[in-house]
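*Asks:* Residue numbers (the working numbering), protein chains in the order written: chain A, 1 to 380; chain B, 381 to 754. Glycine residues also receive a C-beta, built at the ideal position from the N, C-alpha and C atoms. What you are looking at is a predicted structure, and each value in this text was computed from that prediction instead of being measured. Okay, here's the structure, questions in a sec.
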């Protein structure tokens, strides 16, 4: 190693923005580099489950207050809606309020801590401005199948006043990390391919999960993410439960932020848990049903099991589309879940085979730990 | 690979294992941490999947009892220290062995990595017929034999003789610090870790004056040491910023503090030390090696246990000054700190050792060797 680097890792205030960057942060830390995670709201909850040092860029604001504040200022960006983003650049105007969140504080933190490298999720503009201001490279860590090309340029155009105010002369030198498996992309990957490693906080393993290996009946994991149930309620869970009752499989609902009290009566083959280590759950499951979020889409691919996506906005159609085109999953609208589609998910051999191939494609990608020497070289 | 890490109660045994666990996760391996007692909640902050291997035992009470009966604070006689340590860690290992064996059966690891005092790790791996790898946490040491020999539970598994050696030992001590030339096992870079978590903003800023870290670990309140007060008094008149961590000893009363001192119940030294110009501490392995890896010169006031041995090693290497703790006057401590900040060679030597540590094989490199174990 050629000297210790300081690496600032910053994410938009959401669980799904922070968790996917933790494995790279671990790779850098375990090589001896200093790492600082900077985020807020629900992103903070995800960051502190990494064991790494964390600074809050929105102290005193809860995750819900941050979501409400962004949604109030910019209703078009509700995390549930009609959005069918495939290229993030096309959505720059709709994500700029998220991209600006915590901006001034993050830049003050960066000025005080003086990193050698900034890693940021595409929807975090502070990373770009801090890197440009300090004259250091920025690493844009893509999160899923929505393509990032051109987004930073669009954000620069929209946030010119912020760049100027902070004395950032333009966009920084940039490296892009693409976690989408090349085999599932219609075009070449952007920047450097990096293997997506499922992570959602770790922690205590539930005993029933450890003992559930080798169960006779198919087990299907169901999640709608953290934000969706908070915005849209538990109606989709109720519809899935009604369809599940007529399917020869067991189901586990991971309710995320949803209140279990809102759920109707559940059939005997469905159990609901408020929060579950979803990536660990997937290693015991036959298939997954989810909202199309980047993290759960890639985690299910990495587990090598078929998935049914119910995309409902943001970049979720891009994720669901890529998986369906490859043949490793199905997609339908949240209100179109039927017993037939769930039965197919549990039993279709072609889906299962494609999912196994997708896992192999992911496992062939360079790991975050493999990219550390390349990132060290990029700084010097 | 599937790697099962295991540590006995006590944060000092748990924290050093995470950099390798993180390296494994970030290389696509499956990892779990098997521990018990208060360590379960601590480990849950690491992001690594955790399993409690003695969930039905009131480990906290048992640990406190053993801690009282076999406390090493103030014990300087090595034979007494080994005997007491053997009793304590054998008792903990006997409590954890069944749970560890059961977890290995259902989780099916390829290898077990254990803290040198977690002798149940070596025994359980032996019973399962998988390799065990000792993970060093400071100066090179073998599996803590007094505990291994004093365990009784292995007989329930028909094991008359304890297993002897692990398949490999990971040695995190830079060779030049290993003054007794023990050089045991595979060299691996020491990466300081204390599961830092949320930081106050000021801690992420570089100091404008030389920053001196003062910590006497979490044992301080029990010992009733005057070392902390003496150190604070020694630094009061100097043009430095003092960062004082009570090491979790929340109830400890220091008295009135001079204006150049910031105090916190607990501070993550893995974050604090890289920005410091010197550290004054008790010689605990985590602080001693954290300072080595960060290139920070040290003043050490050892209180007992392994602290005098740690202090001796870094003094021999020329990166630390030792002060006899019981008699330390503020003037003596102040003189030592001034020496480190001034023209002495300690600072340059500390930077040299930090470079030596950084040039050792990384945790990722060690994993590649572990993957080749038969």
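Closer than 6 Å by C-beta to residue 638/B: which residues in its own chain qualify, once you throw out the five before and the five after it? Chain order, please.
*Replies:* 616
*Asks:* With a threshold of 7 Å on Cβ separation, who are the neighbours of residue 1/A within its own chain once the five nearest residues in sequence on each side are excluded?
*Replies:* Below a pLDDT of 50, predicted positions are generally treated as unreliable, and residue 1/A, at 41, falls in that range; the measurement from the model is reported next regardless. 31 and 32.
*Asks:* Counting along the chain, where does the alpha helix (DSSP H) carrying residue 69/A start and finish?
*Replies:* 63-73
*Asks:* For a cutoff of 8 Å on Cβ pairs, would you count residue 491/B as touching chain A?
*Replies:* no
*Asks:* Residues of chain B with a CB under 7 Å from the CB of residue 367/A: which are they?
*Replies:* 406, 407 and 408
*Asks:* Start and end of the alpha helix (DSSP H) containing residue 23/A?
*Replies:* 22-30
*Asks:* Taking residue 350/A as the query, report the chain B residues whose CB atoms sit under 7 Å from its CB, ordered along the chain.
*Replies:* Going along chain B, no residue has its Cβ under 7 Å from residue 350/A, so there is no contact; the nearest lies around 27 Å.
*Asks:* If the cut-off is 7 Å on Cβ atoms, which residues from the stretch 45-59 of chain A count as contacting chain B, listed in chain order?
*Replies:* 48, 49, 50, 51, 52, 53, 54, 55 and 56
*Asks:* Pick helix, strand or coil for residue 2/A, following the three-state DSSP scheme.
*Replies:* Its pLDDT being 49, under 50, residue 2/A is placed unreliably in this model, and the coordinates cannot settle the point.
*Asks:* Starting from the beta carbon of residue 280/A, find every residue of chain E whose beta carbon is closer than 7 Å, and list them in chain order.
*Replies:* The displayed structure is made up of protein chains A and B, and chain E is not among them.
*Asks:* Is any beta-carbon of chain B found at less than 8 Å from that of residue 65/A?
*Replies:* Residue 65/A does not count as touching chain B.
*Asks:* Which first and last residues belong to the beta strand (DSSP E) in which residue 622/B is found?
*Replies:* 621-625
*Asks:* Identify the continuous beta strand (DSSP E) that holds residue 17/A and give its terminal residues.
*Replies:* Per DSSP, residue 17/A belongs to no beta strand (DSSP E); it is in the alpha helix (DSSP H), 15-18.
*Asks:* When DSSP labels each residue in this structure, what does residue 39/A get in the three-state scheme?
*Replies:* strand
*Asks:* Per DSSP, what are the beta-bridge partners of residue 330/A in this structure?
*Replies:* 308/A
*Asks:* Can residue 781/B and residue 403/B be called in contact, C-beta distance under 8 Å?
*Replies:* Here chain B covers residues 381 to 754 and nothing more, so residue 781/B does not appear.
*Asks:* Taking only the alpha-carbon atoms, compute the straight-line gap between residue 380/A and residue 374/A and give it to the nearest angstrom.
*Replies:* 10 Å
*Asks:* When DSSP labels each residue in this structure, what does residue 654/B get in the three-state scheme?
*Replies:* helix
*Asks:* Going along the chain, which unbroken runs of the beta strand (DSSP E) with 3 or more residues stay wholly within the stretch 529-572 of chain B?
*Replies:* 548-551
*Asks:* Does residue 659/B have its Cβ less than 8 Å from a Cβ in chain A?
*Replies:* no
*Asks:* So is residue 210/A in contact with chain B if we call contact Cβ pairs under 8 Å?
*Replies:* Taking 8 Å as the CB threshold, residue 210/A lines the interface with chain B.
*Asks:* How is residue 524/B classed by DSSP in three states: helix, strand or coil?
*Replies:* coil
*Asks:* Could one say the Cβ of residue 1/A lies closer than 8 Å to chain B's Cβ atoms, at least one of them?
*Replies:* Note on residue 1/A: pLDDT 41, under 50, position unreliable in the model; the coordinate value appears next. Cβ-Cβ to chain B under 8 Å: yes for residue 1/A.
*Asks:* Tell me, which residues are paired with residue 193/A by DSSP?
*Replies:* DSSP, once it has assigned bridges, lists 178/A as partnering residue 193/A.
*Asks:* Using the Cα positions of residue 741/B and residue 187/A, report the straight-line distance between them to the nearest angstrom.
*Replies:* 38 Å
*Asks:* When you compare only the Cα positions, how much space is there between residue 457/B and residue 654/B?
*Replies:* 34 Å
*Asks:* With a cut-off of 8 Å, does the C-beta of residue 304/A fall near any C-beta of chain B?
*Replies:* Not one chain B Cβ lies under 8 Å of residue 304/A.
*Asks:* Find out if the Cβ-Cβ distance for the pair residue 495/B, residue 517/B is shorter than 8 Å.
*Replies:* Between residue 495/B and residue 517/B, the C-beta gap is smaller than 8 Å, which places the two residues in contact.
*Asks:* If the cut is a Cβ gap below 7 Å, which residues of chain A does residue 699/B touch?
*Replies:* Within chain A, no residue comes near residue 699/B; the closest Cβ sits about 17 Å away, beyond 7 Å.
*Asks:* Looking at the C-beta of residue 10/A, does it have a partner C-beta in chain B at a distance below 8 Å?
*Replies:* Answer no: the Cβ-Cβ gap between residue 10/A and chain B never drops below 8 Å.
*Asks:* When DSSP builds the beta bridges, which residues end up paired with residue 203/A?
*Replies:* 429/B
*Asks:* Identify the contact partners of residue 654/B in chain A, using a Cβ-Cβ distance below 9 Å as the criterion.
*Replies:* Under the 9 Å cutoff, chain A gives 4, 6 and 34.
*Asks:* Residues of the stretch 572-585 of chain B with a CB closer than 7 Å to any CB of chain A: list them in chain order, please.
*Replies:* Cβ contacts with chain A come from 575, 576, 577, 578, 579, 581, 584 and 585.
*Asks:* Tell me, please, whether the CB atom of residue 112/A is closer than 8 Å to any CB atom in chain B?
*Replies:* yes
*Asks:* Just reading off the beta strand (DSSP E) that residue 52/A is part of, what are its end residues?
*Replies:* No beta strand (DSSP E) contains residue 52/A, which DSSP labels as neither H nor E.
*Asks:* Could you check the C-alpha separation between residue 542/B and residue 510/B for me, to the nearest Å?
*Replies:* One alpha carbon belongs to residue 542/B, the other to residue 510/B, and they sit about 15 Å apart.
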